[in-house]
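2 protein chains.
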Amino acid sequence: MNEGIFKAMSDPTRRKIIELLKDGPKTAGEIASHFSHAQPTISRHLNVLKNAHVVVDQREGTFIIYRLNTTVLQDWLAWLMKHFGGENNDEKE
Amino acid sequence: MNEGIFKAMSDPTRRKIIELLKDGPKTAGEIASHFSHAQPTISRHLNVLKNAHVVVDQREGTFIIYRLNTTVLQDWLAWLMKHFGGENNDEKE
DNA sequence: TGATTATATAGCTAAATGGCTAAACATTGA
DNA sequence: TCAATGTTTAGCCATTTAGCTATATAATCA
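Sequences listed follow chains A and B, in order.
Numbers in the numbering used here are just positions in the first sequence, counted from 1, shifted up by 877.
Numbers in the numbering used here are just positions in the second sequence, counted from 1, shifted up by 877.
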């Protein structure tokens, strides 16, 4: 499993960005407006998510629209379930 | 959701420790023997996992035995599924 | 072309992280 | 009580991270 997605998901701001994007694609500015951080700070977070392929961007005029890459998230979740999920662990007690 | 578990899970060494412990409880030394890191390094990783309540320790003579807290892991996975899992996201296209 | 708007990048700082070695601590057993 | 063993803690260092401000880039429009 790609290391990047773990780092991407380990930050609360980035997780909140993902939750925002679950509601549909948004521009960088729209995303930034939900936070009290400076705009470049959010831009960098978006870049981390992009490098992990958790989001995808697309320019639309002067705007840049970000959307979730749900496949990557779901693959990650499936991997987590497989590796850390409730498998039978027959210990003595 | 507790921030600690995200940080705990974001490191590959710690994830490998968890996978080792899925196989059953192990002493700190036994865990450390699976890595090429110095033993105190692993001890510190174990401490991170302990602080996130992902593992639990128990002294047994001079040994300290670590075991998984599977409940915490499963709660975390459930939370992830709920927040990032495949909910219906009816976008136009 | 120049102004405006949206966004990213550069460059900085403080704090967190992960590695190491050396030293401390806890338990056991002679 | 002392030595041995298993483990943690302390202290150090290099790297990464997340924040900021200032600046650069890209697209649009007059």
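Each residue gets a CB set at the ideal place from its N, CA and C atoms; glycine is no exception.
Residues bridged to residue i [DSSP beta-bridge criterion]
i               : result
glutamate 937/A : Phe940/A
leucine 945/B   : Val932/B
Residue-chain proximity (residue i, chain B), Cβ-Cβ < 9 Å
i                   : result
phenylalanine 961/A : yes
leucine 950/A       : yes
serine 887/A        : yes
leucine 923/A       : no
threonine 890/A     : no
lysine 927/A        : no
phenylalanine 883/A : yes
threonine 939/A     : no
threonine 918/A     : no
Chain A within 9 Å of residue i, Cβ atoms only
i                : result
asparagine 966/B : Here the model assigns asparagine 966/B a pLDDT of 46, short of 50, so the residue's position is not dependable, and the following value carries that caveat. It does: the Cβ of asparagine 966/B has a partner Cβ on chain A nearer than 9 Å.
isoleucine 942/B : no
threonine 904/B  : no
arginine 936/B   : no
leucine 897/B    : no
glutamate 880/B  : yes
Start-to-end residues for the alpha helix (DSSP H) that takes in residue i
i                : result
valine 925/A     : 916-928
isoleucine 962/A : Sequence check: residue 962/A is glycine here, not isoleucine. Taken as a continuous stretch (DSSP letters only), glycine 962/A belongs to no alpha helix (DSSP H), as it is neither H nor E.
glycine 906/A    : 905-909
methionine 886/A : 880-886
proline 902/B    : Here proline 902/B belongs to no alpha helix (DSSP H), and DSSP marks it neither H nor E.
- [ ] May I ask you to verify whether the segment 917-927 of chain A touches the segment 880-899 of chain A, counting CB pairs closer than 8 Å and requiring at least 3?
- [x] The answer is yes - the segment 880-899 of chain A touches the segment 917-927 of chain A, with three or more Cβ pairs under 8 Å.
TODO: Check whether the segment 930-948 of chain B touches the segment 891-909 of chain B, taking contact to mean three or more Cβ pairs, one atom from each stretch, closer than 8 Å.
DONE: The segment 930-948 of chain B vs the segment 891-909 of chain B: in contact.
Open item on the list: Closer than 8 Å is the cut-off here; do at least three beta carbon pairs connect the segment 952-965 of chain B with the segment 952-960 of chain A?
Closed with: Segments in contact, yes.
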